[in-house]
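Heads up: the sequence shown is residues 9 to 617, going by our numbering.
Think of the CB as a built atom: it goes at the ideal place given N, C-alpha and C, for glycine as much as any other residue.
In what follows, a structure is listed as C-alpha cells, so that the remarks can point back to it.
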Amino acid sequence: MCGIVAALAARNVQGILLEGLKRLEYRGYDSAGMAVLDAGGHLHRQRALGKVAALEEKLERAPLNGRIGIAHTRWATHGKPSEANAHPHLAAGRLAIVHNGIIENFEPLKRELEVEGVMFESETDTEVVAHLVARAFERRHDLLAAVQQTLARIDGAYALAVMHADAPREIVGARKGSPLVVGVGIDEHFLASDPLALLQVTDRFVYLREGDVVRLSDGGGIEVFDAEQRPVTRPLQVFEHGDGAASRGDYRHFMLKEIHEQPAVIAATLEGRLSGSHVLESSFGVDAGALFADVRQIHIVACGTSYHAGMVARYWLEKLAGIPTQVEVASEYRYRDVVVPQDTLFVTLSQSGETADTLAALRYAATLGYLGSLAICNVPGSSLTRESDLSLMTQAGPEIGVASTKAFTTQLVSLLLLTLALRRERGDAREAALVQALRGLPAVLERALEMDSPIAELSEAFAEKHHALFLGRGTQFPIALEGALKLKEISYIHAEAYPAGELKHGPLALVDADMPVVAVAPNDELLEKLKSNLQEVRARGGELFVFADEGVALAATDNLRVLHVPRVDECLAPIVYTVPLQLLSYHVAVLKGTDVDQPRNLAKSVTVE
Ligand code: F6R
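Structure, rendered in C-alpha cells:
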C-alpha cells in the first residue's frame, strides 16, 4: 500500500526522501512524488507515474532543494494511477499533503468544497483533506490546530503528513488505521510509514498510536497529541535489526534472501521460549498461564498466507492439545454473526499487524465475549499487538518481498509453541520430543535449502504452463494452498490447491499432459492414501512432481519426478515442506521474468479493506 516519508532537517532533504521512497517500494505502488519547501518559502513538487526510478530521473533533470519536504508512493484507491492523482497534493499552492488510507466521507466533503468554489485537480480523496486543512489554516495560522480540526470531520483510515509554506519549519503527521512512525535524529526529525524507510538516517523511532497527531518543528521538537488532543509521551524504541534488513546483500531478490534467512529467524523465534524440554508459557505474556488454563475452544482469524498458517495450526491444536479450533479469513469473519462458545480464545495472525480486515476482526471480536485475544505478529508496536490481550512476536525481522516466506514459517513455529503451551499434559514425553525436534529445525531447514539447484532445474517444466495443481492431505493441505498462492502471486501462473482426496470429486477433469501436478507427500499416516490419489493423476497422463520424505519408496518414471525432502517429526513436516515450494515459485518467476519482489497489483501491507 502507499508509503509516506517526510523530513525536517538541517540539510537538503531530497536525497533522504528519495532513498526513503526506494526503501518503501516493497509495499507496492503505482506512482511516486515529492514536495519540498525552498529557502525562499516556495513549494516545489515533482511526481511521476510508475516506479520511483521515473521520479528520480525527473529530479535529476530538475532537482528540488530545501530542508523540509514530504514524499509518497501511491497505490491507487480513488482515481486511476496517473501523475495527476499522485501525491503530494497541493492546496492554493501553499499546502502540501501526502496520505495513506481511504477517506470514506470524501464525496459530501468534496461537494461542499466545490459549492464554495474550490477547483479540484485530481480524482483523489486526499485532495479534499488538503483543501480542508488549508481553509482551517487560513483562519488561525496554526497548522497543528488546522489538521486536528480537519481530522474531526473525516471518517476513514489514514496516515498523513502535511506542510505549509506559511509554517515553514513544521510538519504535522497523523495516524488512524494506517501506520506512521517518527524517526528521531539529532536536531532533525522524520516521518515514515515504516522504520525501514529511515534506517539510512536513524535507528531511533517513536511509534504513533491510533488517533495520534504529531508536530515536528525546527531544532528537533517532537510533540505528540492523542485523539483527545492531550499532549502524550510515546516511548522511544531502537530498531534492532540493523540497516542490512533493508538491503538484498548478495541475493538477487529479497524473496530469495528471506527464504534463506529461515533457519536463522526460526532459531530467533525459539530463543528464550524453550526451557529444557518444555515451552515457556510466559513467552505469551505474564498473564498467559492463567488464561491458557481456561481455554476450551479457539478461533483463529487471518488473511492470505497468515490464514494458511492458521489452517495448519488447527490440525496441531486438535491433535496435540485436543482443543476444538476454527479458522477463518478475516474479511468473512468480520461481517458475519459469529457465535462464540464459552471460554474461547481469539487468535489473530499477521506479519504486518496492520492488515485492515484482521484489525477489524479483532475489534469486532472484542465485542463478542471471548476469554481473551492473542496476536501472533511480526511487527513490534503494531496495532494488532497493542490491541490484543496477549501477543507473541515472531522474530522474522523485516520482510521486504511482497510474497510472504519467513513470516509464514515463523508463524508456524509460534503456533506450534502455542499448541504445546495449551496442552493439558504439560511436561510429558511428547512435549519433550517436539521441543527437541524444534531445536533441531534450523539445521533441517538448512538441508531443505540445499534443494535449491534441483528445484531450479525442475522449474523449467512450469515456466511455459498456464495452470498448476497442488495436492496435499492433513497438515500438508494448507501447505499445498500456500504453494499455489506463492506460484500464482509471483509467476502469475494460475494455481489451485486441493486436499488430495477431493481430486476425484471434480478437479481430476482438469488433469492432462499440460497440467503439472505438485504433491506434498511426507511419510505420515496419510501417505498410502495420497499414493492412490497420485495413481489417479498418472492414469490421466498428468505430469507429477512429488515432494516426499527421504525414506518414501516412490519410483520416478517418465511423468513422475520425485524430490526428496529432509525427514523430521511429522508435526514439523509442514514447516520443512514449505521451503521447496517457496523455491519452486521463486525459480519459476525468475524464469518468467516477473517482478519477484513487487508482483503486479499487490501490496505488502494491506491497510485498506
Ligand atoms: C502472500 C501474502 C499475503 C499476506 C496477507 C496478510 O504472500 O503475503 O497473502 O499474508 O496480506 O498479511 P499480514 O500477514 O501482514 O496480515
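*Taking K66 as the reference, which of G49, V528, E465 and R55 has the closest Cα?*
As a position in the sequence shown, residue 66 is number 58, starting the count at 1. The residue with the shortest Cα to Cα distance from K66 is R55.
*Please confirm whether any heavy atom of the ligand F6R lies closer than 7 angstroms to the CB of A411.*
On the sequence shown, position 403 is the one that residue 411 refers to. Yes, since a heavy atom of the ligand F6R falls inside the 7 angstroms radius drawn around the Cβ of A411.
*Report the residue from E336, P203 and D460 whose alpha carbon sits nearest the alpha carbon of Y315.*
For the purposes of this step, residue 315 is identified with residue 307 of the sequence shown, where counting begins at 1. Per the Cα distances, E336.
*For L282 and V443, believed in contact at Cβ under 8 angstroms, the rounded distance*: In the sequence shown, counting from the first residue as 1, residue 443 sits at position 435. In the sequence shown, counting from the first residue as 1, residue 282 sits at position 274. Contact flag correct, Cβ pair sits at about 5 angstroms.
_Taking only three categories from DSSP, how would you classify D436?_
Taking the sequence shown and counting its residues from 1, the one referred to as residue 436 is at position 428. Note: D436 maps to coil in three-state DSSP.
*What whole-angstrom Cβ distance do V309 and T356 have, given they're in contact under 8 angstroms?*
As a position in the sequence shown, residue 309 is number 301, starting the count at 1. As a position in the sequence shown, residue 356 is number 348, starting the count at 1. Indeed they touch by this definition, with Cβ atoms about 5 angstroms apart.
_By alpha-carbon positions, which one of L206, D211 and L299 ends up nearest to R431?_
For the purposes of this step, residue 431 is taken as the residue at position 423 of the sequence shown. Comparing Cα-Cα distances from R431 to each of L206, D211 and L299, the minimum goes to L299.
_For H197, the three-state DSSP class (helix, strand or coil)_ = Position 189 of the sequence shown, counting from 1, holds the residue named residue 197. In this structure, H197 counts as strand in the three-state DSSP scheme.
*Would you check if there are 3 or more beta carbon pairs closer than 8 angstroms linking the region 388-395 to the region 468-483?*
no
*Among G549, A272, Q419 and V155, which has the Cα closest to the Cα of A517?*
For this step, residue 517 is matched to residue 509 along the sequence shown. Answer by Cα proximity: G549.
*For the beta strand (DSSP E) that contains R394, what are its first and last residues?*
Position 386 of the sequence shown, counting from 1, holds the residue named residue 394. Per DSSP, R394 belongs to no beta strand (DSSP E); it is in the alpha helix (DSSP H), S391 to E395.
_Where the alpha helix (DSSP H) through A138 begins and ends_ = Here residue 138 refers to the residue found at position 130 of the sequence shown. Taken as a continuous stretch (DSSP letters only), the alpha helix (DSSP H) holding A138 covers T134 to R148.
*Output the distance between the C-alpha atoms of K118 and E617, rounded to the nearest integer angstrom.*
Here the question's residue 118 lines up with position 110 in the sequence shown. Here the question's residue 617 lines up with position 609 in the sequence shown. Answer to the nearest angstrom: the Cα atoms are 22 angstroms apart.
_Contact between the region 603-615 and the region 280-295 (3+ Cβ pairs under 8 angstroms)_ = no
_the region 564-577 in contact with the region 450-468 per 3-pair CB rule at 8 angstroms_ = yes
*asked:* Please report the distance separating the alpha-carbon of T210 from that of E248.
replied: Your numbering for residue 210 matches position 202 in the sequence shown. Your numbering for residue 248 matches position 240 in the sequence shown. Approximately 12 angstroms between the Cα atoms of the pair.
*Which runs of the beta strand (DSSP E) fall wholly inside the region 206-275 and span at least 3 residues, in chain order?*
212-215, 221-225, 229-233 and 244-246
*Leaving aside the five residues before and after A17 along the sequence, list all residues of the same chain whose C-beta is less than 6 angstroms from its C-beta, in chain order.*
Translated into the one-based positions of the sequence shown, residue 17 becomes position 9. Excluding sequence neighbours, A17 sits near R75 and E196.
_Within the region 31-111, ranges of the alpha helix (DSSP H) (whole runs, at least 4 residues)_ = 60-69
_Local conformation of I308 per DSSP, three classes_ = Taking the first residue of the sequence shown as position 1, residue 308 is located at position 300. In the structure shown, I308 sits in a strand (DSSP, three-state: E or B).
*Count the CB pairs spanning the region 119-130 and the region 154-174 that are closer than 8 angstroms, and state whether there are at least three.*
no
*Where DSSP assigns a beta bridge to Y166, which residues make up the other side?*
Taking the sequence shown and counting its residues from 1, the one referred to as residue 166 is at position 158. DSSP output for Y166 lists G109 and G185 as bridge partner(s).
_Three or more C-beta pairs below 8 angstroms linking the region 218-233 and the region 252-261_ = no
_Nearest-angstrom Cα separation, counted from D436 out to H261_ = Against the sequence shown, residue 261 aligns to sequence position 253. Against the sequence shown, residue 436 aligns to sequence position 428. Their Cα atoms are separated by approximately 43 angstroms.
*Do L51 and A173 have their CB atoms nearer than 8 angstroms?*
In the sequence shown, residue 51 corresponds to position 43, counting from 1. In the sequence shown, residue 173 corresponds to position 165, counting from 1. Going by C-beta atoms, L51 is nearer than 8 angstroms to A173.
*Any heavy atom of the ligand F6R closer than 7 angstroms to the Cβ of C311?*
Numbered from its first residue, the sequence shown carries residue 311 at position 303. C311: yes, Cβ under 7 angstroms from the ligand F6R.
*asked:* Would V136 and V155 be called neighbours here (beta carbons separated by less than 8 angstroms)?
replied: By one-based count along the sequence shown, residue 136 stands at place 128. By one-based count along the sequence shown, residue 155 stands at place 147. For V136 and V155, no; Cβs fall outside 8 angstroms.
*Can you have a look at Y323 and say buried or exposed, based on whether 16 or more other CB atoms are within 10 angstroms of its CB?*
Along the sequence shown, one-based indexing puts residue 323 at 315. Buried, since its Cβ has 16 or more Cβ neighbours within 10 Å.
*Can you tell me the Cα-Cα spacing of V452 and A275, whole angstroms?*
For the purposes of this step, residue 452 is taken as residue 444 along the sequence shown, with counting starting at 1. For the purposes of this step, residue 275 is taken as residue 267 along the sequence shown, with counting starting at 1. Cα to Cα, the separation comes out at about 12 angstroms.
*If you draw a straight line from the alpha carbon of R371 to that of V347, how long is it in whole angstroms?*
Translated into the one-based positions of the sequence shown, residue 371 becomes position 363. Translated into the one-based positions of the sequence shown, residue 347 becomes position 339. C-alpha separation (whole angstroms): 15 angstroms.
*So is the beta-carbon of V614 under 7 angstroms away from any non-hydrogen atom of the ligand F6R?*
Taking the sequence shown and counting its residues from 1, one reaches residue 614 at position 606. Yes.
*Using the Cα positions of D150 and A100, report the straight-line distance between them to the nearest angstrom.*
Taking the sequence shown and counting its residues from 1, the one referred to as residue 150 is at position 142. Taking the sequence shown and counting its residues from 1, the one referred to as residue 100 is at position 92. Going by the C-alpha atoms only, they are around 16 angstroms apart.
*asked:* Between E497 and the ligand F6R, is there a pair consisting of the residue's CB and a ligand heavy atom that are separated by less than 7 angstroms?
replied: The residue given as residue 497 occupies position 489 in the sequence shown. Because some heavy atom of the ligand F6R lies under 7 angstroms away, the Cβ of E497 counts as near it: yes.
*Between S358 and the ligand F6R, is the CB less than 7 angstroms from at least one heavy atom?*
Counted from its first residue, the sequence shown places residue 358 at position 350. Yes, Cβ of S358 sits closer than 7 angstroms to a heavy atom of the ligand F6R.
*State the DSSP-derived secondary structure class of P406, mapped to helix, strand or coil.*
Residue numbering aside, residue 406 sits at position 398 when the sequence shown is read from its first letter. In this structure, P406 counts as coil in the three-state DSSP scheme.
*Is it right to say V604 is buried, meaning 16 or more other beta carbons lie within 10 angstroms of its own, or is it exposed?*
Here residue 604 is taken as the residue at index 596 of the sequence shown, counted from 1. That one is buried.
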